[in-house]
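Participant:
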Ligand code: AMP
């Protein structure tokens, strides 16, 4: 694993995340990453810091639709790796594996192309935010259905008070910024 050359503090990342109360529905505080990605230096520093958590034997980055694609693509490009997209239902054109998971109200589904990865591949999963862990857990299931292994999950923001990492089993989890309440 490469050593982090970036000593950016928790406080520094907070400066680039906008809290939007009651979006997309009452009671939710939406963590808006658009100020972070709009700032070239901050975006680049965030991607570099995430990259420090990726071992050299990783074969590909897996990005979760849709904000996971932003960080996933930048990371993949920086590390010279490919990007595998895990998408919402009906978006991928070829044959898919599909996993259903629970939301606060109801169910949702994520999909991956059946030929995206195969046995022996090692990947890192990337998304903007870890809340309850349902989305990332479904993504891990998809990767495992392909016979591949998830080496780590990376997030820009982790809502630690929701204990989402407990839903991810033994997979290593790292986040740039933790929100404790
Ligand atoms: P979860 O499955 O509960 O861990 O939710 C994570 C997914 O939902 C990620 O793809 C996030 O982009 C999105 N998400 C959940 N809660 C928030 C929030 N408070 N602010 C921004 N995105 C969120």
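Numbering (my numbering), first residue to last: 1494 to 1674.
Glycine included, every Cβ here is placed at the ideal spot set by N, Cα and C.
Closer than 7 Å by C-beta to residue 1635: which residues in its own chain qualify, once you throw out the five before and the five after it? Chain order, please.
Facilitator: For the purposes of this step, residue 1635 is identified with residue 142 of the chain shown, where counting begins at 1. Contacts found: 1579, 1590, 1592, 1603 and 1605.
Participant: Please report the residue range of the beta strand (DSSP E) in which residue 1658 lies.
Facilitator: Locating residue 1658 in the chain shown gives position 165, counting from the first residue. Taken as a continuous stretch (DSSP letters only), residue 1658 belongs to no beta strand (DSSP E), as it is neither H nor E.
Participant: Name the DSSP bridge partner or partners of residue 1635?
Facilitator: Working through the chain shown from its first residue, we reach residue 1635 at position 142. According to DSSP, residue 1635 bridges with nothing at all.
Participant: Go through its chain and collect everything with a Cβ distance to residue 1571's Cβ below 8 Å, but skip five positions before and after it.
Facilitator: Counting from one through the chain shown, the residue named residue 1571 turns up at place 78. Result list for residue 1571: 1540, 1541 and 1544, in chain order.
Participant: In whole angstroms, what is the alpha-carbon distance linking residue 1597 and residue 1637?
Facilitator: For this step, residue 1597 is matched to residue 104 along the chain shown. For this step, residue 1637 is matched to residue 144 along the chain shown. Distance between the alpha carbons of residue 1597 and residue 1637 is about 24 Å.
Participant: When we look at the beta-carbon of residue 1537 and count the other beta-carbons within 10 Å, is it buried (16 or more) or exposed?
Facilitator: For the purposes of this step, residue 1537 is taken as the residue at position 44 of the chain shown. Flag for residue 1537 reads exposed.
Participant: How big is the Cα-Cα spacing for residue 1656 and residue 1587?
Facilitator: Position 163 of the chain shown holds residue 1656. Position 94 of the chain shown holds residue 1587. Distance between the alpha carbons of residue 1656 and residue 1587: 35 Å.
Participant: Between the C-alpha atoms of residue 1647 and residue 1620, what's the straight-line distance to the nearest angstrom?
Facilitator: If you number the chain shown from 1, residue 1647 lands on position 154. If you number the chain shown from 1, residue 1620 lands on position 127. Looking at the two C-alpha atoms, the distance is approximately 7 Å.
Participant: Alpha carbon to alpha carbon, how far is residue 1724 from residue 1505?
Facilitator: No answer is possible for residue 1724: the residues shown for the chain start at 1494 and end at 1674.
Participant: By how many angstroms is the C-alpha of residue 1641 removed from the C-alpha of residue 1610?
Facilitator: Your numbering for residue 1610 matches position 117 in the chain shown. Your numbering for residue 1641 matches position 148 in the chain shown. Cα-Cα distance, rounded: 6 Å.
Participant: For residue 1600, does the count of other Cβ atoms within 10 angstroms reach 16, so buried, or fall short, so exposed?
Facilitator: Counting from 1 along the chain shown, the entry for residue 1600 is found at position 107. The residue in question, residue 1600, is exposed, as its Cβ has fewer than 16 Cβ neighbours within 10 Å.
Participant: Residue 1523: beta carbon under 8 Å from a heavy atom of ligand 1?
Facilitator: Working through the chain shown from its first residue, we reach residue 1523 at position 30. Yes - ligand 1 has a heavy atom lying nearer than 8 Å to the Cβ of residue 1523.
Participant: When the Cα atoms are used, what is the spatial distance from residue 1650 to residue 1608?
Facilitator: Counted from its first residue, the chain shown places residue 1650 at position 157. Counted from its first residue, the chain shown places residue 1608 at position 115. The alpha-carbon atoms of residue 1650 and residue 1608 are separated by roughly 30 Å.
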